[in-house]
Amino acid sequence: MIQTATFVISNSNPGNCPKPDRAEIAFIGRSNVGKSSLINMLVNQKGLAKTSQKPGKTQLINHFVINDKWYLVDLPGYGFAKVNLKVKQGWESMITTYLTKRENLCGVFVLIDSRLEPQQIDLEFLLWCGTQEVPTALVFTKADKQSKSKTDLNIQKFLKKTREMFGENPDYFVTSAEASTGKKELTKFMEQLVTEYTAR
1 MIQTATFVIS NSNPGNCPKP DRAEIAFIGR SNVGKSSLIN MLVNQKGLAK TSQKPGKTQL
61 INHFVINDKW YLVDLPGYGF AKVNLKVKQG WESMITTYLT KRENLCGVFV LIDSRLEPQQ
121 IDLEFLLWCG TQEVPTALVF TKADKQSKSK TDLNIQKFLK KTREMFGENP DYFVTSAEAS
181 TGKKELTKFM EQLVTEYTAR
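Take 1 as the starting number for the sequence shown in the UniProt record's numbering and just add one per residue.
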């Protein structure tokens, strides 16, 4: 159970992240995938992660401490945010450095919009994570926005693509921030990751 969630620091330099002295789990996804809403739902706080109608609201690495035990990290989205190329390249190198060099990172949740057919940008990002050995799981968001059968169809199409890439299905969760769908399963999985990391 997530009892407390407290903002720690925002920064644009992975070198300035808090000391890697506890387990850390990060959330990332395409701009406007519903990341901040999902984080707020998981931690039971409406305004912890800043939500916005405009893609690209999260532009920094945001650390929150959970239950005084582990870090949850909100990363900038990749993709459609309307920012100039220089800023975009800066983000990309920041995210790359963070994902490949952060030694206490025990899980990365890649958020996928369940309303859409598989998007090339998501598949490319997952493939990159696979080649860099970044430990990822999938979180399908916005499951309440359409019929269950349509959501299931899009998820199955996406999983078929990941099987083609990796030969297996990754761990995945189906969520809705508004209906709190998937909250229990996702929280339990995060707790498992933290427990495993702490036991190492």
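Don't be surprised by glycine CBs; every beta carbon is placed ideally from N, CA and C.
Quick caveat: nothing in here was measured; it's all calculated off a predicted structure.
By the CB criterion at 7 Å, ALA143 and THR181 fall inside the cutoff.
Residue nearest to SER93 within the set MET1, ASN13, THR187 is ASN13 (criterion: CA-CA distance). Inside the stretch 21-66, DSSP marks whole alpha helix (DSSP H) runs of 4 or more residues at positions 35-43, from first to last along the chain.
When the five nearest sequence neighbours on each side are left out, the beta carbons in the same chain lying within less than 8 Å of the beta carbon of ILE25 are those of TRP70, TYR71, LEU72, VAL73, LEU105, CYS106, GLY107, VAL108, PHE109, MET190, LEU193, VAL194, in order along the chain.
Relative to the Cα of LEU99, the nearest Cα in the group GLU117, ILE121, LEU126 belongs to LEU126.
Put simply, the stretch 149-159 does not touch the stretch 17-34. Fewer than three CB pairs are less than 8 Å apart. Rounded to the nearest angstrom, the gap between the Cα atoms of THR187 and ILE39 is 11 Å.
If you compare the alpha carbons of LYS150, PRO170, ASN32 with that of CYS129, the shortest gap goes to PRO170. Per DSSP, ASP74 is one residue of the beta strand (DSSP E) stretching across 70-74. A residue is called buried once 16 or more other Cβ atoms fall within 10 Å of its Cβ, and ILE112 is buried on that count.
DSSP, read as helix, strand or coil, puts ILE112 in strand. The DSSP assignment places complete beta strand (DSSP E) segments of no fewer than 3 residues inside the stretch 171-196 at 172-174, in order along the chain. Bounds of the beta strand (DSSP E) holding ILE9 are 5-11. The three-state secondary structure of CYS129, taken from DSSP, is helix. Less than 7 Å divides the Cβ of GLY79 from the Cβ of SER31.
The DSSP-derived three-state label of VAL134 is coil. For ASP122, the number of other beta carbons within 10 angstroms of its own is at least 16, and it is reported as buried.
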